[in-house]
Every structure is written in structure tokens, then in C-alpha cells.
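Since the structure comes first, as C-alpha cells, the remarks are kept for the end.
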């Protein structure tokens with residue numbers, strides 16, 4: 148995955164740290180944002196994939212997703228949420244999320260989803 152960039156948009160520092168560690172091991176360049184506004188600003192770094200939390204203060208995940216689609220419709224977005232609100236999920240699917248990841252999530256599940264979304268047959272540990 149060398150050269151691929153992931154943008155992690157989540158208001159929880161612990162979740163960002165965990166995801167940063169996981170994606171770094173697989174050779175991704177990790178870009179972090181603690182809210183939707185910051186995530187939109189960091190689009191200029193041209194991420195290959197975005198992990199987006201739905202429940203954040205300020206700009207909600209759904210509104211962030213709407214703005215992402217206006218600015219960069221092609222980038223795959225994985226919805227990360229602890230909530231299973233049907234209306235929110237339907238709206239996210241209408242806006243073209245590539246996948247959903249429910250908190251607390253399993254790291255093997257995360258790896259499978261990222262592999263599928265990025266069309267990478269196997270994620271390898273960087274430098275191995």
C-alpha cells in the first residue's frame with residue numbers, strides 16, 4: 148500500500164490513534180482530522196480513501212459526506228459509527244459510501260473492508 152493515503156475523520160483521539168497505527172503498519176500515509184471542517188480542509192492532500200465518523204460535534208458526518216461528494220465524488224468513504232440509525236445509514240448510502248464499519252470494530256474486518264474498497268488483494272506489512 149506504499150504511496151496510498153488515508154484520511155481519518157473522527158473526533159475521538161483514541162480512535163484516530165488506533166487507526167493511524169493500523170494504517171501505518173500497512174504502509175499508508177495517514178492524514179488525520181478531528182472534525183468535519185478539518186477533514187474538508189485536508190482534501191487538498193488527495194486521500195485515496197476516507198474513514199468518516201458519523202457522530203461529531205459541529206459539522207455532522209452526513210453533512211461532511213455531502214460536502215466531500217461535492218468536492219471529490221470519486222474518493223471511497225468508509226462510514227465509521229457506533230450508531231445504527233436507519234435514516235442516517237440510508238442517507239449515507241444515497242451519498243455513495245463504499246462500506247460501513249460499526250464501532251467497536253474488529254481489525255480483521257477493517258482490513259477486509261479496506262482491501263475490498265481499495266481493490267488491493269492483500270495488505271502487507273510495510274517493509275516486510
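In the numbering used here, the protein residues as written are 148 to 275. We put the beta carbon where it would ideally sit given N, CA and C, even for glycine.
In summary, residue 249 is exposed, with fewer than 16 beta-carbon neighbours lying within 10 Å of its beta-carbon over all protein chains present. By the criterion of a C-beta distance shorter than 6 Å, residue 223 is surrounded in its chain by 196, 245, 264, once the five residues flanking it on both sides are discounted. Taking every protein chain shown into account, the CB of residue 259 has fewer than 16 other CB atoms within 10 angstroms, so this residue is exposed. For residue 158 and residue 182, the gap between their C-alpha atoms comes out near 6 Å.
Secondary structure at residue 156: strand, using DSSP grouped into helix, strand and coil. In this structure, the CA atom of residue 247 is about 20 Å from the CA atom of residue 151. Only buried fits residue 239, as 16 or more other CB atoms lie within 10 angstroms of its CB. Counting only runs of 4+ residues, the alpha helix (DSSP H) found wholly inside the stretch 193–239 occupies 208–218, in chain order. With a 10 Å radius around the Cβ and a threshold of 16 neighbouring Cβ atoms, residue 215 comes out buried.
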